[in-house]
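There are 2 protein chains.
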Amino acid sequence: MTPGGAGVRRHDHQTTQADLTAGAVLAPYLQEQAAEFLRSLRLHRENSAPTDAGTHGAEEAAGALRRSSRRIGGTLHTFRVALDAAWAEQLRTELAWLSGTLAREHAYATRLGRLLEALHSLSGTSLPTARNGVGADRAADKERAALGVGAARAGALLERQLTLARTRAHSAALQALGSSRFHAVADAVALLASEVPLAPAAAAPAEEMLHGPADRAEQHLLTAVAALSCDQAEPYNEAQDAPWHRTRLLLRLHRYAHEVVRGAPDPVLAAPGRALDLHRDASEAAAAAASAARTPRIAPATAYALGVLHADQRHEVKTARGVFRASWPYTAAAVTGP
Amino acid sequence: MTPGGAGVRRHDHQTTQADLTAGAVLAPYLQEQAAEFLRSLRLHRENSAPTDAGTHGAEEAAGALRRSSRRIGGTLHTFRVALDAAWAEQLRTELAWLSGTLAREHAYATRLGRLLEALHSLSGTSLPTARNGVGADRAADKERAALGVGAARAGALLERQLTLARTRAHSAALQALGSSRFHAVADAVALLASEVPLAPAAAAPAEEMLHGPADRAEQHLLTAVAALSCDQAEPYNEAQDAPWHRTRLLLRLHRYAHEVVRGAPDPVLAAPGRALDLHRDASEAAAAAASAARTPRIAPATAYALGVLHADQRHEVKTARGVFRASWPYTAAAVTGP
Numbered sequence: 001m002t003p004g005g006a007g008v009r010r011h012d013h014q015t016t017q018a019d020l021t022a023g024a025v026l027a028p029y030l031q032e033q034a035a036e037f038l039r040s041l042r043l044h045r046e047n048s049a050p051t052d053a054g055t056h057g058a059e060e061a062a063g064a065l066r067r068s069s070r071r072i073g074g075t076l077h078t079f080r081v082a083l084d085a086a087w088a089e090q091l092r093t094e095l096a097w098l099s100g101t102l103a104r105e106h107a108y109a110t111r112l113g114r115l116l117e118a119l120h121s122l123s124g125t126s127l128p129t130a131r132n133g134v135g136a137d138r139a140a141d142k143e144r145a146a147l148g149v150g151a152a153r154a155g156a157l158l159e160r161q162l163t164l165a166r167t168r169a170h171s172a173a174l175q176a177l178g179s180s181r182f183h184a185v186a187d188a189v190a191l192l193a194s195e196v197p198l199a200p201a202a203a204a205p206a207e208e209m210l211h212g213p214a215d216r217a218e219q220h221l222l223t224a225v226a227a228l229s230c231d232q233a234e235p236y237n238e239a240q241d242a243p244w245h246r247t248r249l250l251l252r253l254h255r256y257a258h259e260v261v262r263g264a265p266d267p268v269l270a271a272p273g274r275a276l277d278l279h280r281d282a283s284e285a286a287a288a289a290a291s292a293a294r295t296p297r298i299a300p301a302t303a304y305a306l307g308v309l310h311a312d313q314r315h316e317v318k319t320a321r322g323v324f325r326a327s328w329p330y331t332a333a334a335v336t337g338p
Numbered sequence: 001m002t003p004g005g006a007g008v009r010r011h012d013h014q015t016t017q018a019d020l021t022a023g024a025v026l027a028p029y030l031q032e033q034a035a036e037f038l039r040s041l042r043l044h045r046e047n048s049a050p051t052d053a054g055t056h057g058a059e060e061a062a063g064a065l066r067r068s069s070r071r072i073g074g075t076l077h078t079f080r081v082a083l084d085a086a087w088a089e090q091l092r093t094e095l096a097w098l099s100g101t102l103a104r105e106h107a108y109a110t111r112l113g114r115l116l117e118a119l120h121s122l123s124g125t126s127l128p129t130a131r132n133g134v135g136a137d138r139a140a141d142k143e144r145a146a147l148g149v150g151a152a153r154a155g156a157l158l159e160r161q162l163t164l165a166r167t168r169a170h171s172a173a174l175q176a177l178g179s180s181r182f183h184a185v186a187d188a189v190a191l192l193a194s195e196v197p198l199a200p201a202a203a204a205p206a207e208e209m210l211h212g213p214a215d216r217a218e219q220h221l222l223t224a225v226a227a228l229s230c231d232q233a234e235p236y237n238e239a240q241d242a243p244w245h246r247t248r249l250l251l252r253l254h255r256y257a258h259e260v261v262r263g264a265p266d267p268v269l270a271a272p273g274r275a276l277d278l279h280r281d282a283s284e285a286a287a288a289a290a291s292a293a294r295t296p297r298i299a300p301a302t303a304y305a306l307g308v309l310h311a312d313q314r315h316e317v318k319t320a321r322g323v324f325r326a327s328w329p330y331t332a333a334a335v336t337g338p
């Protein structure tokens with residue numbers, strides 16, 4: 001972290017930024033993220049033996065690498081008017097490729113964990129309570145047992161499919177990190193850590209140059225939220241997920257812009273952000289269950305358990321939307337503002 | 001309806017019942033329900049040609065027959081101290097047999113309708129909205145199409161199984177209505193319509209003899225509600241349904257006792273009662289989907305759709321519990337009272 005960067009980031013108030021140029025606010029943030037990127041990359045190399053299929057240390061380092069890549073990329077996008085335009089666009093594209101490639105392995109691991117946990121709770125380990133009728137217990141036991149057999153097979157199928165996908169993603173990530181394309185990205189970030197290619201406009205006051213783009217990032221988010229479907233009735237219509245996924249990305253862009261301009265993320269958006277992450281995870285887990293059910297020659301009990309699992313994850317999608325709405329801090333009037 | 005009965009039922013206030021004996025309150029109610037039973041029976045005969053598999057008129061008459069059977073049976077149970085004990089117990093058992101037999105046909109028809117409707121909305125007839133990404137649309141279309149094939153087969157399977165069950169229940173109901181056992185019930189109800197076999201205790205004031213049993217019926221309900229599991233986390237544990245089903249029956253007994261003593265059902269319990277009916281319907285529909293999934297040699301796509309359907313109905317069970325809790329008019333403190 002550069003001394004100047006630390007100084008700027010401790011000031012939360014707009015008033016103190018009035019004296020600073022856009023470059024003096026933007027550069028330290030980008031330099032700090034670039035340093036973080038390089039630190040994570042070093043950690044990743046130290047923790048990745050060529051034979052390992054992802055140790056904990058390497059996973060953590062890859063996560064940190066993705067986080068700084070996203071922040072640099074988001075900042076280059078939102079504040080492009082204050083930066084060398086061609087350079088910013090080029091680096092942003094490459095960082096998106098990198099974080100996308102690294103994210104895949106993590107996503108498959110998360111998805112498998114989520115699905116196995118759901119299967120475990122669906123197949124029901126709890127004992128029936130003592131006061132229930134014997135007949136009801138027996139019927140329920142029979143259903144749980146039927147689901148149990150299918151759940152075990154479905155779990156094995158998902159484990160096989162998602163572990164294979166994860167292994168492939170891991171190889172792809174290692175290959176990417178060894179590619180000349182990656183080395184070019186790492187070189188560009190190393191340069192960024194020492195000097196930020198600013199546009200002449202970056203000499204203007206921060207308030208003039210940065211607040212407009214930051215406000216627009218927020219406005220894009222508010223517009224997307226206002227357009228989200230209020231229809232709670234169709235939890236199985238996966239086509240309706242896309243605007244929610246897009247909103248998640250816009251919330252992220254707004255968060256990074258807020259970090260640049262105010263020095264910290266907007267605390268009121270932490271809970272809605274987590275809800276959109278859960279929404280994405282549940283949506284993708286449901287799709288993985290549906291995809292596994294299309295495997296040829298599976299047993300009906302397996303398909304049945306996958307159907308239960310699919311519906312369960314789609315209901316988690318619905319729940320996440322409810323949590324998002326409940327935690328969203330702005331009223332409808334504010335959302336549809338200017 | 002006897003003139004006396006009409007007079008009593010128009011007075012909603014306890015004060016006016018202070019002058020009446022328990023028999024003067026109980027007898028008109030039972031006589032009115034007995035007359036309703038006989039009227040429904042006549043209607044049912046008029047609408048049931050031997051070759052018909054249940055016309056609309058016959059269904060409606062069977063419903064009315066069940067309603068009056070339940071009210072007579074519930075009243076005989078709750079207020080048995082004011083009635084000829086052996087007679088009351090005997091008739092109550094026979095009315096439970098009758099309404100149970102008649103209910104089965106209706107239950108299978110309702111279950112099939114509910115499941116087909118759910119399958120229809122699960123397989124999704126809505127068009128994707130225009131602003132979604134093309135990729136997301138295609139994936140969702142693929143999933144809907146996969147679910148669509150299975151849903152059509154699952155629907156056909158359920159239709160076959162539940163229509164067969166319904167036809168059998170219809171035959172059983174017709175057989176029951178032609179049996180000597182039924183003729184004995186009908187004779188007993190015809191006698192009840194003209195004279196109610198009261199116990200000597202029925203000569204005591206209504207307030208003294210009837211309010212105690214009515215309060216106990218309410219207390220049984222409140223105790224059952226207080227004991228209902230608050231655990232929302234396990235929607236697939238069917239063993240937890242039994243206390244809810246029992247609560248539904250206790251709410252019904254309380255409703256009938258309220259009708260006898262106050263002349264009308266308790267209006268604040270209408271919504272919780274409907275929620276418990278929906279709970280029962282969803283619980284049984286889920287069990288039917290699970291049972292259909294155990295059919296030998298079904299296609300995986302069919303089993304998958306049945307799994308989705310099962311999970312969907314179990315979530316309806318959970319929703320019904322939420323609606324019940326939200327509409328329940330008493331606070332926890334009142335529920336755990338004396």
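Residue numbers (full-length UniProt numbering), protein chains in the order written: chain A, 1 to 338; chain B, 1 to 338. Don't be surprised by glycine CBs; every beta carbon is placed ideally from N, CA and C. Predicted model only: the values in this text are computed from it and were never measured.
The beta-carbon of V308 (chain B) is placed less than 8 Å from the nearest beta-carbon of chain A. With a cutoff of 8 Å on beta-carbon distance, Y256 (chain A) and G74 (chain A) are scored as near each other.
Contact with chain A is found for P300 (chain B), since one of that chain's Cβ atoms lies less than 8 Å from the residue's Cβ. Using beta-carbon distances, L122 (chain B) counts as an interface residue toward chain A, with a partner under 8 Å.
Assigned with DSSP and collapsed to three states, P205 (chain A) falls in strand.
Per the C-alpha coordinates, the member of A:L65, A:F182, A:A199 and A:R111 positioned closest to E159 (chain A) is A:R111. Residue pairing by DSSP places T21 (chain A) opposite A:P205 in a beta bridge. For D215 (chain A), no Cβ of chain B is located within less than 8 Å of the residue's own Cβ.
Interface flag for A320 (chain A) against chain B is unset, since no Cβ pair is found closer than 8 Å. A straight-line Cα-Cα distance of about 18 Å links N47 (chain A) and R67 (chain A). The beta carbon of H315 (chain B) falls within 8 Å of a beta carbon belonging to chain A, placing the residue at that interface. Separation of the CB atoms of S99 (chain A) and R70 (chain A) is rounded to 5 Å, and the pair is thereby assigned contact status at 8 Å. Nearest C-alpha to H44 (chain A) among A:E36, A:A58 and A:V185: A:A58. E117 (chain B): member of the alpha helix (DSSP H) spanning A85 to L122, first to last residue. In this structure the region 113-124 of chain A lies against the region 300-318 of chain A, because at least three pairs of beta carbons, one per stretch, are closer than 8 Å. A straight-line Cα-Cα distance of about 20 Å links L198 (chain B) and F37 (chain B).
Less than 8 Å separates the beta-carbon of A107 (chain A) from that of E284 (chain A). Among the residues of chain A, none has a CB under 7 Å from the CB of A169 (chain B); the nearest is roughly 18 Å distant. Using a Cβ-Cβ cut-off of 7 Å, Y304 (chain B) is close to A293, A303, Y304, L306 and G307 of chain A, given in chain order. Residue burial annotation: D187 (chain A) is exposed, with fewer than 16 other C-beta atoms found within 10 angstroms of its C-beta. Taking all protein chains in view, the Cβ of G150 (chain A) is crowded by 16 or more other Cβ atoms within 10 Å, so the residue is classified as buried. DSSP places Y236 (chain A) outside any alpha helix (DSSP H), giving it a letter other than H or E. In this model, A290 (chain B) and S291 (chain A) are separated by some 21 Å (Cα to Cα). Taking 8 Å as the upper bound for CB-CB distance, A206 (chain A) and A85 (chain A) are not in contact here, some 19 Å apart. When the beta-carbon positions are compared, T247 (chain B) and L276 (chain B) come within less than 8 Å of each other.
As the crow flies, the alpha-carbon of R42 (chain A) is around 17 Å from that of R181 (chain A).
Within chain A, no residue has its CB atom less than 7 Å from the CB of D266 (chain B), the nearest being about 26 Å off. Nearest to A165 (chain B) by alpha-carbon distance, out of B:L147, B:A288 and B:M209, is B:A288. For I298 (chain A), there is no enclosing alpha helix (DSSP H), as DSSP gives it neither H nor E. With contacts defined by Cβ atoms closer than 8 Å, V189 (chain A) and A88 (chain A) do not form a contacting pair. In this structure, L210 (chain A) lies away from V268 (chain A), with their beta-carbon atoms at least 8 Å apart. Beta-bridge annotation (DSSP): L198 (chain B) is paired with B:L83. One finds L122, G307, V308, L309, H310, A311, D312, R314 and H315 in chain B with Cβ atoms closer than 9 Å to the Cβ of A311 (chain A), taken in chain order. Under the rule that a run must span 4 or more residues, the alpha helix (DSSP H) segments found entirely inside the region 221-291 of chain B read 242-262. In this structure, DSSP gives S69 (chain B) a helical state, which the three-state scheme calls helix. At least one CB of chain B lies nearer than 8 Å to the CB of Y236 (chain A).
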